[in-house]
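What follows is a set of notes on a single structure, which appears directly below.
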Amino acid sequence: MRSRSLLQINYRSRSFLIGYVIIVLMFLLILFLYYTNTIVKKLERDSEMMALSLAELAAYLPSIDDQKLSNMVSRIVRDMMRANKLSFIITDKLTGQPIVARGLNLKLQDKIQKDEPLNPQEIGELARILAKMDRFHPKIPTRYVMEDRIIVGYMYYGDVSADKADKLPFVFTDVNGNPLFWRIWGEFKTAGTDPQEMARAKAFVRDAREHDRSVTVQINPGYREGYFHYSIGRYNELLVMPFLQTLLITGFLGMGFWMYRRSKQAEQAAIWSGLARETAHQLGTPISSLMGWAEMLGEKLRGNEELSGMLEEMEEDLERLRKVTARFGEIGSTPKLEPMKISDVIHQAVEYYRKRISFRRRKVEIIEDYDPQLPLAMINDVLMGWVIENLIKNSLDAFDKDIGLIRIKTEYDPRRNQIVVIYSDNGRGIPRKARNKIFQPGYTTKKHGWGLGLALAKRIVEDYHSGKLSLIETGPEGTTFHIRLPISRNG
Numbered sequence: 005m006r007s008r009s010l011l012q013i014n015y016r017s018r019s020f021l022i023g024y025v026i027i028v029l030m031f032l033l034i035l036f037l038y039y040t041n042t043i044v045k046k047l048e049r050d051s052e053m054m055a056l057s058l059a060e061l062a063a064y065l066p067s068i069d070d071q072k073l074s075n076m077v078s079r080i081v082r083d084m085m086r087a088n089k090l091s092f093i094i095t096d097k098l099t100g101q102p103i104v105a106r107g108l109n110l111k112l113q114d115k116i117q118k119d120e121p122l123n124p125q126e127i128g129e130l131a132r133i134l135a136k137m138d139r140f141h142p143k144i145p146t147r148y149v150m151e152d153r154i155i156v157g158y159m160y161y162g163d164v165s166a167d168k169a170d171k172l173p174f175v176f177t178d179v180n181g182n183p184l185f186w187r188i189w190g191e192f193k194t195a196g197t198d199p200q201e202m203a204r205a206k207a208f209v210r211d212a213r214e215h216d217r218s219v220t221v222q223i224n225p226g227y228r229e230g231y232f233h234y235s236i237g238r239y240n241e242l243l244v245m246p247f248l249q250t251l252l253i254t255g256f257l258g259m260g261f262w263m264y265r266r267s268k269q270a271e272q273a274a275i276w277s278g279l280a281r282e283t284a285h286q287l288g289t290p291i292s293s294l295m296g297w298a299e300m301l302g303e304k305l306r307g308n309e310e311l312s313g314m315l316e317e318m319e320e321d322l323e324r325l326r327k328v329t330a331r332f333g334e335i336g337s338t339p340k341l342e343p344m345k346i347s348d349v350i351h352q353a354v355e356y357y358r359k360r361i362s363f364r365r366r367k368v369e370i371i372e373d374y375d376p377q378l379p380l381a382m383i384n385d386v387l388m389g390w391v392i393e394n395l396i397k398n399s400l401d402a403f404d405k406d407i408g409l410i411r412i413k414t415e416y417d418p419r420r421n422q423i424v425v426i427y428s429d430n431g432r433g434i435p436r437k438a439r440n441k442i443f444q445p446g447y448t449t450k451k452h453g454w455g456l457g458l459a460l461a462k463r464i465v466e467d468y469h470s471g472k473l474s475l476i477e478t479g480p481e482g483t484t485f486h487i488r489l490p491i492s493r494n495g
């Protein structure tokens with residue numbers, strides 16, 4: 005009884021450990037998600053504030069007087085928009101037409117920039133983009149310019165004191181640097197004067213350029229009213245990070261748990277093997293002695309039919325004990341498999357129980373249905389008989405009807421090239437919560453069970469015979485198991 009309790013405690017401890025690991029992993033995932041989401045939201049807020057400033061600056065770019073400054077600011081705006089994952093469209097307030105677009109697909113963006121007509125598909129795509137932008141970020145009224153500034157020329161000036169500012173010498177040139185008119189020594193001159201005056205004007209321009217004394221003369225474009233629609237890309241890499249972290253932690257924990265479980269299973273297998281062999285060794289001597297005494301009694305009781313019949317039953321039980329001892333001796337070692345008919349092994353186990361169930365209060369019927377054309381299977385008859393006996397014993401404990409019925413059928417599965425043993429009964433079935441646990445050592449729903457029968461049966465079928473023992477269905481009408489075994493190559 006104490007050993008049974010220890011097995012159940014061990015099972016509960018394992019279940020508790022698995023539950024604890026799952027809860028910890030879920031907690032870590034939620035914690036990672038919360039922390040990462042906080043960082044992402046902060047980055048998005050910062051990006052949004054920067055995006056609005058960048059958009060305002062981008063709208064005013066064409067009106068910047070200095071060409072070099074305009075190009076430099078334009079490049080900075082582009083780089084910062086790319087870094088902040090900003091996409092935007094500026095539309096006209098009156099017509100709703102797109103004027104400027106950045107961060108869209110290049111073909112659509114190019115057409116908008118060049119003011120080319122859009123086809124119906126592109127118009128629909130643009131409408132979807134605008135609707136999506138406005139759904140997450142309200143559109144913002146803004147001012148924009150349609151065209152760049154127009155440079156008409158340059159004015160180069162000299163260096164004079166403040167009190168002589170009204171006599172400031174200057175030369176006005178076209179965009180190519182050719183003097184158009186000037187005042188250097190008090191009189192206005194134009195390009196139509198003599199070559200000597202033109203040469204002086206050009207020399208003045210060269211000197212002013214060297215001393216950086218010039219002003220760009222330009223026509224600035226007018227401002228128009230519009231709306232700024234924008235979206236900021238999410239930091240998907242950060243959002244995926246918690247799942248990657250949890251996956252890595254799960255992988256490490258899973259690997260550690262698997263290695264621990266393998267080590268534990270090997271240790272348990274060694275303990276079970278040692279215990280089984282020691283039990284077989286301890287039982288072997290008294291059983292051999294009892295069989296000798298039974299043989300002597302048989303000689304003494306010749307002629308006494310009643311006692312001789314009882315002695316035969318005792319000898320059968322002693323033979324049964326000898327087989328049980330042999331089974332224990334096979335556990336933990338590599339059993340010898342031989343090609344044989346599975347039906348012979350099943351029938352032998354059935355016959356043993358059939359003689360004894362006749363004394364039970366509840367009527368029990370065992371129906372055997374064997375395929376005579378079934379190929380041979382590689383079987384250890386001692387261990388496989390144990391599997392069938394375990395299933396029958398469980399059925400006898402589960403019967404709750406007036407007549408208990410057990411059906412054992414064999415058939416061949418050509419698709420998988422396997423022999424299938426279909427075992428079913430009409431017992432009360434297995435509780436739903438126990439269906440995934442019935443093959444685990446130490447788990448039992450019986451008051452006086454050890455929880456080892458089905459665990460050993462599964463190990464015998466799958467580890468020793470390379471087969472498969474599965475629970476197919478269970479319920480109030482009964483339970484069905486399938487045993488699948490590979491056929492013998494000699495079969």
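Throughout, the numbering used here is defined as the position within the sequence shown, counted from one, plus 4. Beta carbons: idealized from backbone N, C-alpha and C, even for Gly. In this text the structure is predicted, and so the values were computed from the model without any measurement.
Alpha carbon to alpha carbon, how far is residue 488 from residue 465? Give it in angstroms, no decimals.
One C-alpha to the other measures close to 8 Å.
Using a Cβ-Cβ cut-off of 8 Å (strictly less than) and excluding sequence neighbours within five positions of residue 420, which residues of its own chain qualify?
Only 488 meet the Cβ criterion.
For the beta strand (DSSP E) holding residue 184, just list the boundary residues, first then last.
Its beta strand (DSSP E) spans residues 183-187.
Starting from residue 460, trace the alpha helix (DSSP H) in both directions and tell me its first and last residue.
457-463 is the span of the alpha helix (DSSP H), which, as asked, contains residue 460.
Three or more C-beta pairs under 8 Å: does that hold for the region 424-443 against the region 394-408?
With a cut-off of 8 Å, the region 394-408 and the region 424-443 count as touching, because enough Cβ pairs lie within range.
Express the C-alpha separation of residue 408 and residue 304 in angstroms, rounding to a whole number.
Roughly 41 Å separates the two Cα atoms.
Among 374, 434, 468 and 398, which residue has its Cα nearest to the Cα of residue 385?
Comparing Cα-Cα distances from residue 385 to each of 374, 434, 468 and 398, the minimum goes to 468.
For residue 479, which residues in the same chain have their Cβ closer than 6 Å to its Cβ, ignoring the five residues on either side in sequence?
Contacts found: 433.
What whole-angstrom Cβ distance do residue 267 and residue 141 have, given they're in contact under 8 Å?
In fact, because the Cβ distance is near 57 Å, the residues do not count as touching under 8 Å.
Count the other CB atoms, across all protein chains shown, that sit within 10 Å of the CB of residue 9; report buried if there are 16 or more and exposed otherwise.
Any reading at residue 9 is ruled out, since the residue's pLDDT is 46, under 50, leaving its predicted position unreliable.
Are residue 176 and residue 159 close, meaning C-beta to C-beta below 8 Å?
Yes, they are a contact pair.
Leaving out five residues before and five after residue 109 in sequence, what residues of the same chain have Cβ atoms less than 7 Å from its Cβ?
Here the set comprises nothing.
What three-state label does DSSP hand residue 442 in the structure shown?
Coil at residue 442, not helix or strand.
Does the CB of residue 442 have a neighbour CB from chain B at under 8 Å?
Among the chains in the structure shown there is no chain B, since it carries only a single protein chain.
Within its chain, find whatever has a CB closer than 7 Å to the CB of residue 476; leave out the 5 residues flanking it on each side and keep chain order.
Closer than 7 Å at Cβ, skipping near neighbours: 484, 485 and 486.
If you reduce the DSSP assignment to three classes, tell me which class residue 470 lands in.
In this structure, residue 470 counts as coil in the three-state DSSP scheme.
Taking only the alpha-carbon atoms, compute the straight-line gap between residue 208 and residue 117 and give it to the nearest angstrom.
The straight-line gap from Cα to Cα measures roughly 41 Å.
Straight-line CA distance for residue 11 to residue 325?
In this prediction, residue 11 has a pLDDT of 46, which is less than 50 and means its spatial position is unreliable; what the coordinates show is noted afterwards. Looking at the two C-alpha atoms, the distance is approximately 25 Å.
Using only alpha-carbon positions, find the residue among 344, 376, 377 and 425 that is nearest to residue 395.
That would be 425, whose Cα lies nearest to the Cα of residue 395.
Which runs of the beta strand (DSSP E) fall wholly inside the region 202-236 and span at least 3 residues, in chain order?
DSSP runs (the beta strand (DSSP E)) wholly in the region 202-236: 218-223 and 227-236.
Per DSSP, which residues does residue 486 bridge with? Please list them.
Answer by DSSP bridge pairing, in chain order: 426 and 474.
What residues in its chain sit with their C-beta under 8 Å from that of residue 498, if we drop five residues either side in the sequence?
Outside the displayed range of the chain (5 to 495) lies residue 498, so it cannot be described from this structure.
Leaving aside the five residues before and after residue 213 along the sequence, list all residues of the same chain whose C-beta is less than 8 Å from its C-beta, in chain order.
Contacts found: 160.
Since residue 338 sits in a beta bridge, which residues does DSSP pair it with?
None, per the DSSP bridge assignment.
Just list the residues that DSSP pairs residue 479 with in beta bridges.
For residue 479, which the question treats as bridged, DSSP gives the partners 482.
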